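Report on one structure; see the data block that follows.
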Amino acid sequence: DTAVSQTPKYLVTQMGNDKSIKCEQNLGHDTMYWYKQDSKKFLKIMFSYNNKELIINETVPNRFSPKSPDKAHLNLHINSLELGDSAVYFCASTTGNSYNEQFFGPGTRLTVL
Amino acid sequence: SQQGEEDPQALSIQEGENATMNCSYKTSINNLQWYRQNSGRGLVHLILIRSNEREKHSGRLRVTLDTSKKSSSLLITASRAADTASYFCATALKTSYDKVIFGPGTSLSVIP
Numbered sequence: 002d003t004a005v006s007q008t009p010k011y012l013v014t015q016m017g018n019d020k021s022i023k024c025e026q027n028l029g030h031d032t033m034y035w036y037k038q039d040s041k042k043f044l045k046i047m048f049s050y051n052n053k054e055l056i057i058n059e060t061v062p063n064r065f066s067p068k069s070p071d072k073a074h075l076n077l078h079i080n081s082l083e084l085g086d087s088a089v090y091f092c093a094s095t096t097g098n099s100y101n102e103q104f105f106g107p108g109t110r111l112t113v114l
Numbered sequence: 029s030q031q032g033e034e035d036p037q038a039l040s041i042q043e044g045e046n047a048t049m050n051c052s053y054k055t056s057i058n059n060l061q062w063y064r065q066n067s068g069r070g071l072v073h074l075i076l077i078r079s080n081e082r083e084k085h086s087g088r089l090r091v092t093l094d095t096s097k098k099s100s101s102l103l104i105t106a107s108r109a110a111d112t113a114s115y116f117c118a119t120a121l122k123t124s125y126d127k128v129i130f131g132p133g134t135s136l137s138v139i140p
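Protein sequences, first through last, are from chains F and A. The first sequence begins at 2 in the numbering used here and counts up one residue at a time. The second sequence begins at 29 in the numbering used here and counts up one residue at a time.
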């Protein structure tokens, strides 16, 4: 059974489009994250939610808007996609705070043409 | 510059050999975590070592932490081809319980 799942796994789209990535966890965790991994594999946190409340917004452009309808879901909507948005986006979850181990989803590879 | 940096960036060894990866960081930590990422997959947590611990073992993994030098090492003994992956250290800062900061990773290739 998948612990943290993301859809879609691959996303290819044109510049200027709007797209969404969905994340769900069935671990009962109360904290969820979005990370961006660039082509050099550098992993950077974008957002953190705890019990549906935004905790971290790491100076991400406001074209990126996370939404957490409930503790088990954290979606990422991206407006007006740019070439530089091409990356792998990972969702992760943990219980409590970041002092604990995080469980990662399989990633969504976004390619902006 | 980054909070956590791994060294070396890439490592290639023969199956059966030991692999050692190092991580250095800059500010005080609550704990340090190591993750593995297989190609095209998400990260998998390997081991967590707290700031008051010096060494921890898990199977073929041995992690050390030297807070005076702000550094950690991950040793994989008797490596296998299946250990081929990228390995990341992540530091949980004392000043922020909301996030961990990942280093750029070490790419390990184990040649059969």
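Every residue, glycine too, gets a C-beta built ideally from N, C-alpha and C. Model, not experiment: these values are computed from the prediction.
Three CB pairs or more closer than 8 Å across the segment 83-91 of chain A and the segment 68-79 of chain F
By the Cβ criterion, the segment 83-91 of chain A is not in contact with the segment 68-79 of chain F, since fewer than three pairs of Cβ atoms, one from each stretch, lie closer than 8 Å.
Assign I104(A) to buried or exposed, taking buried as 16 or more other Cβ atoms, counted over all protein chains shown, within 10 Å of its Cβ.
Translated into positions along the second sequence, residue 104(A) becomes position 76. Buried.
What does a CB cutoff of less than 6 Å around S135(A) pick up in its chain, not counting 5 residues either side in sequence?
Position 107 of the second sequence, counting from 1, holds the residue named residue 135(A). These residues qualify, in order along the chain: A38 and S114.
Between E59(F) and chain A, is there a C-beta pair that is closer than 9 Å?
Working through the first sequence from its first residue, we reach residue 59(F) at position 58. So yes, E59(F) belongs to the interface.
So S99(A) and A47(A) are supposed to be a Cβ contact under 8 Å. How far apart are they, rounded?
For the purposes of this step, residue 99(A) is taken as the residue at position 71 of the second sequence. For the purposes of this step, residue 47(A) is taken as the residue at position 19 of the second sequence. Not quite, the Cβ-Cβ distance comes to about 17 Å (not below 8 Å), so this is no contact.
Going along chain F in order, which residues have a C-beta closer than 9 Å to the C-beta of P132(A)?
Within the second sequence, the letter at position 104 stands for residue 132(A). Among the residues of chain F, those whose CB is under 9 Å from the CB of P132(A) are K41, K42, F43 and L44, following chain order.
Using beta carbons (cut-off 9 Å, strictly below), is N58(A) in contact with chain F?
Position 30 of the second sequence holds residue 58(A). Among the residues facing chain F, N58(A) is included, as its CB has a counterpart in that chain under 9 Å away.
Give the list of continuous beta strand (DSSP E) stretches no shorter than 3 residues that lie fully inside the segment 11-79 of chain F.
Considered as a whole, the segment 11-79 of chain F harbours 11-14, 20-26, 32-38, 44-51, 54-58, 65-71 and 74-79 as its complete beta strand (DSSP E) runs of no fewer than 3 residues, in chain order.
At a cut-off of 8 Å, would you count R64(A) as near the ligand MN, judging by its Cβ distance to the nearest heavy atom?
What this structure holds is no ligand at all, so the ligand MN is not there to describe.
Residues of its chain near Y50(F), where Cβ-Cβ distance is below 8 Å and the 5 sequence neighbours each way are ignored
As a working mapping, residue 50(F) is identified with position 49 in the first sequence. Closer than 8 Å at Cβ, skipping near neighbours: T32, M33, Y34, I56, P67, S69 and L75.
Tell me Y115(A)'s beta-bridge partners as DSSP assigns them.
On the second sequence, position 87 is the one that residue 115(A) refers to. DSSP, once it has assigned bridges, lists R64(A) and T134(A) as partnering Y115(A).
Is any beta-carbon of chain F found at less than 9 Å from that of I129(A)?
As a working note, residue 129(A) is residue 101 in the second sequence. Output row for I129(A): interface = yes.
CB contact below 9 Å: A73(F) versus chain A:
Counting from 1 along the first sequence, the entry for residue 73(F) is found at position 72. It does not; no Cβ of chain A falls within 9 Å.
Where DSSP assigns a beta bridge to K23(A), which residues make up the other side?
Residue coverage of chain A in this structure runs from 29 to 140, which leaves residue 23(A) outside it and unanswerable.
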